[in-house]
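Read through the structure below, which is laid out as C-alpha cells, and then see the notes.
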Amino acid sequence: MEGEDVSGAEVISKASIKQKRALKACDFCHRRGRRCKASPNDNTRCMTCIEYAVSCTWNRVSAKRGAKPRRSKVTETLWIFDESKHGSRSLITNLCDNFFESVYPVAAIIHEQTFMDHWHRDKIPCDRPSYARLMAVCALSATRITSGATFQLRNIQEHFEPNFYLNEALQAVSGNVSESFNLESLQAVGVICLTALEAGNTFLLQRYMGMYHAALAEQGFHDERRWPDDISIIEKEERRRLYWYMYRLEVHTSLVLGHAVRCPELHSAVAYPSLPDQDFTESIRESEWLSGWNFITDIYRGMEHVIPYFRSRRAIVNRANRKLSTAFLYDYDPQEKIVEPLALALSNLPSRFKHAFAVSRDTRQNRCAFQTANIICTYHLLRILSFCANDGTLFEACRTALDLIEEISAIPHQYMRAMGLSMASYTAVKVTQC
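Under the working numbering, the residue at position 433 of the sequence shown is numbered 437, and the numbers go up by one with no gaps.
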C-alpha cells in the first residue's frame, strides 16, 4: 500500500509540475527563444543576460492568451449615419446635391442615380467603405460651399464643418489599407484627393494618390481583363470613370507640382466610359455630355506626352555617360503630332461642346457647358505647354493666351466658379512660367 501511495504521489506531483506555466522570459531571452534562468547572485539579471553582458529588461507587453474577443458593437456603429453627429438628413442631402451639381460634371466618378437612390432609401452608409465615400462627398461639397465654388449659391442655415467630414472619411479609409481596394473606398480616396487639391494640401493629396496607385498595382486596375468577372454594368462604368479621372488628375498635378506620371496611358487597358446618365432632368434635346468628358481625357493623354518633351528640353542632368540614349523618343514635333490632331478633333465636336449654354434648369445642357469650359481651359493649356516645349515665338504664346481669355470670357461665370481651383488659374501659371 505504501508503495502504491508513493507512486500515486509522484504522478500527482508530476502532473502539478506540468500544469504550471513557465515564467515569462526577459526581453533578451524572449527575442532569442531561450529559457530565462534566474541568477543566484544577482536578482536584477538572468544568467543569459549576465553571460552576454546586456541589460535584463522586462518592457514588452505580454500577449493575451485564449480566444480573441469579438468585434465590439461600438466599432460597428461607427460607420452609420447619426444626425446628432453628422447633422440633419436634409443637410447631408443638400451636400450630396451640391456635389452632383458642381463637382460631378468634372469628376464623374460616382454613378449619381445609384448613389442618390441608395441614400434616399437608407441603404448607405451600410459599412466602412460606403461610409468613407459618403463622408468624402460631404467633405468636398462642404469645402466648395464654404469657399463659394458652387454652381448655384447655396444658403444653408445649418452649421457644418468641412474638416469634420474630411476627418471622418480619412478615419474610415486609412484604418486598413487592404480595405481601400474596395471600389467604394477607392472612390472615397479619389474624392479625398480632390478635397486636398481644393484645400492646397499637397501632402494629403500625394499620400492618398499613393494609396490609389498601390491599389492600382495590387489589383491590376489598369487592365480590364483583371477586373472581377461578376461586376455589374454600373460598377464597370464607375471603374472606367474613376480610372480615367484619376489619370487626368495625375497628369494635371504632374504638370503643376512637378512629380512623375505614375501610370502612363500606354500602360492602360481600360476603355472609355460609355454609359449615359439617366439624369434627373426634363431635357428633351440632344444633350449627351459624356463624349465631351472623354475628349478632355484625350487632351490629357496628349498633355502627358508633351510634359516629358517639355522637361527633357530643360533637363540639367548629365546623360553623356548613359549607354542607351532615349533622345529618339522626343524626335518629333508635338505641335504636329499632338496639338494639330486634337485641334481637328475639336473642330469636329458638336456645337454643344464649343459654345457654353446659358445656365438653365436642364441638367444635361448645363453639364455640356461644363465640358465646354473644361475643354477650352485644358486645350489651351496644352497649346501653351507645346509652345514652351518647342521654344515657340512670343507672338504664338501671346496669341494662345489671348484666345484663352477670349473664349473663357464667353463662358457664363457660374461654370468657372463651380470648377473651383479652375484650369484657368493653372493655365495662367504656365503662361508666366513660359
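Yeah, the Cβ is synthetic: ideal placement off N, Cα and C, and Gly gets one too.
As the structure is a prediction and not an experimental result, all values here were calculated from the model.
Just grab the DSSP bridge partners of residue i for me.
i, result
"A273", "D227"
"C50", "A42"
Once the 5 residues before and after residue i are set aside, which same chain residues still bring their CB inside 7 Å of it?
i, result
"S446", "Nothing in the structure corresponds to residue 446, since the chain is present only between 5 and 438."
"L187", "E239, E242 and R243"
"M139", "Y169, E172, A173 and A176"
"P268", "E308"
"T150", "P166"
"C60", "C30, F32, T48, R49, C50 and C53"
"R93", "E87"
"E228", "A273, V274 and A275"
Report all residues from its chain with a CB closer than 6 Å to the CB of residue i; omit the five preceding and five following residues, and keep chain order.
i, result
"R64", "D31"
"M423", "none"
"L201", "L209"
"T376", "F357 and A360"
"F155", "E105, S106, Q418 and A422"
"H115", "I238 and E242"
"S145", "L99, N102 and F103"
"D46", "none"
"R137", "E188, Q191 and A192"
Residue i: which of the options sits nearest, CA to CA?
i, options, result
"F357", "A414, P338 and T330", "A414"
"C50", "K41, S355, I128 and Q375", "K41"
"L82", "V107, Y135 and M250", "Y135"
"D335", "A347, V110, R317 and V343", "R317"
"I300", "L279, W248 and E242", "W248"
"C130", "F119, V107, S236 and I84", "I84"
"H309", "L328, L279, P280 and V343", "V343"
"F314", "L386, H417 and N205", "L386"
"A401", "E411, L389, V195 and I412", "L389"
"G442", "T147, R252, E172 and L220", "For the chain, the structure presents residues 5 to 438; residue 442 sits outside this window and is missing."
"T382", "S355, V260 and T330", "V260"
"L270", "Y251, T257 and H256", "Y251"
"T52", "P44, W62, C33 and D46", "C33"
"A111", "P312, R403, I196 and R158", "I196"
"G396", "A347, Q339 and I409", "Q339"
"A192", "I149, A143 and L398", "A143"
"G214", "S355, D234, A264 and D407", "A264"
"M420", "P345, P109, S178 and A275", "P109"
"P280", "G296, W231 and R266", "G296"
"S351", "I379, R368 and H256", "I379"
"D86", "N98, F119 and D126", "D126"
"D121", "P416, S272, V321 and T97", "T97"
"R305", "E411, S272, L398 and R132", "S272"
"L190", "V255, H217 and R229", "H217"
"E254", "A373, I412, S355 and Y212", "Y212"
Taking Cβ positions only, does residue i come closer than 8 Å to chain B?
i, result
"N205", "The structure shown has no chain B; it contains just one protein chain."
Starting from the C-beta of residue i, find all residues in its chain whose C-beta is less than 8 Å away, skip the five residues before and the five after it, and write them out in chain order.
i, result
"T436", "No answer about T436 holds up, because its pLDDT of 48 lies below 50 and its placement is not dependable."
"K77", "The predicted position of K77 is uncertain, since its pLDDT is 48 and thus under 50; no value can be drawn from it."
"F185", "A219, E222 and Q223"
"N394", "D337, P338 and Q339"
"D302", "L346 and A349"
"L95", "I160, E162 and F164"
"R25", "Because R25 sits at a pLDDT of 42, beneath the cut-off of 50, its placement in the model cannot be relied upon, and the following sentence gives the value as read from the coordinates. Within the same chain, R25 has no close Cβ partners at all."
"H226", "L220, Y247, C267, H271, S272, A273 and V274"
"V58", "F32"
"L198", "V107, A111, L144 and L253"
Taking the alpha helix (DSSP H) that residue i falls in, what are its first and last residues?
i, result
"L187", "L187 to A203"
"D407", "L398 to S413"
"K28", "First-last for K28: undefined, no H or E at that position."
"R158", "Here R158 belongs to no alpha helix (DSSP H), and DSSP marks it neither H nor E."
"A422", "H417 to A422"
"P268", "That residue, P268, is in no alpha helix (DSSP H); it is neither H nor E in DSSP."
"K240", "I237 to L261"
"F164", "Counting along the chain, F164 falls outside any alpha helix (DSSP H), and DSSP gives it neither H nor E."
"N378", "T367 to A393"
"C142", "R132 to S151"
Can you check the region 315 to 356 for any alpha helix (DSSP H) of at least 4 residues that lies completely inside it and give the ranges in chain order? As for any alpha helix (DSSP H) of minimum length 4 sitting wholly inside the region 315 to 356, the runs are 344 to 351, ordered along the chain.
Report the residue ranges of all alpha helix (DSSP H) runs contained in full by the region 81 to 119; include only those spanning at least 4 residues, in chain order. 87 to 90 and 93 to 102, all fully within the region 81 to 119.
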